[in-house]
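All letters in the sequence shown, in the order written, are residues 41 to 202 by our numbering. Positions of the beta carbon are idealized from the N, C-alpha and C atoms, including for glycine. Bear in mind that the values here come from a model prediction, so they are computed numbers and not experimental data.
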Amino acid sequence: MTVFVKAEMIAERLCWPRRDGQERLPELVGKLIKSSILREAIKEYRFPSPIYLPGPDGILVVDDAVQHPFIPAGISLWEMGTSMDPKSKADDDFKDAADKLAKAFPNAESPVTPEKATFVFVTSKPWDSSGWIREKRQISTWQSIRVIDAVALEEWLGQCVA
């Protein structure tokens, strides 16, 4: 199948210093989520969050039975970056992610903690994040940690094109 949107195009169009990239990346990811799983499987969808507001870029809660290569089952907190240095942005977002998760569910019967959730970082740049993921897994209690870079976004877009 021919891929219409390449990773290089994503990086060129959505990377800093383009302000619209900061707004469009969460919009793109939100649309990919909605086009990838059944609406009935989505229990809570706060996506995209306006970039000028504090808090996570996205909160998603889907059925535990959902099996998708880019969408984790259960609770996930999503952060996104368009900077030229995805590692620095991911580090900054990861540092505050547990607090953001707790604040995202203020009315939950029991606290929503990283042990019950997946941290997802999306970058508009190609990035070999395997070492970063390994490092963060060693120092945190998140149920899972994922990175979706421009190459993965290209693949995801290719899966959604009919």
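- In the assembly as shown, P90 is an exposed residue. Its beta-carbon has fewer than 16 other beta-carbons within 10 Å.
- About 18 Å separates the beta carbon of P126 from that of T158, a gap too long to meet the 8 Å contact definition.
- Within the stretch 105-179, the complete alpha helix (DSSP H) runs of at least 4 residues fall at 126-144 and 170-179.
- Ranked by Cα distance from D131, the options D103, R177 and D104 are led by R177.
- Secondary structure note for G95: it is in no alpha helix (DSSP H), with a DSSP letter that is neither H nor E.
- DSSP, reduced to helix, strand and coil, places V191 within a helical segment of the structure shown.
- L72 is positioned such that its CB atom lies no closer than 7 Å to that of W172.
- A straight-line Cα-Cα distance of about 22 Å links A144 and R64.
- Secondary structure note for E84: its beta strand (DSSP E) is the uninterrupted segment I82 to R86.
- No Cβ-Cβ contact shorter than 7 Å links F161 with V191.
- Between E84 and V101, the CB-CB gap stays under 7 Å.
- Residues C200 of the same chain have their beta carbon placed closer than 6 Å to that of S75, with the five preceding and five following residues left out of the count.
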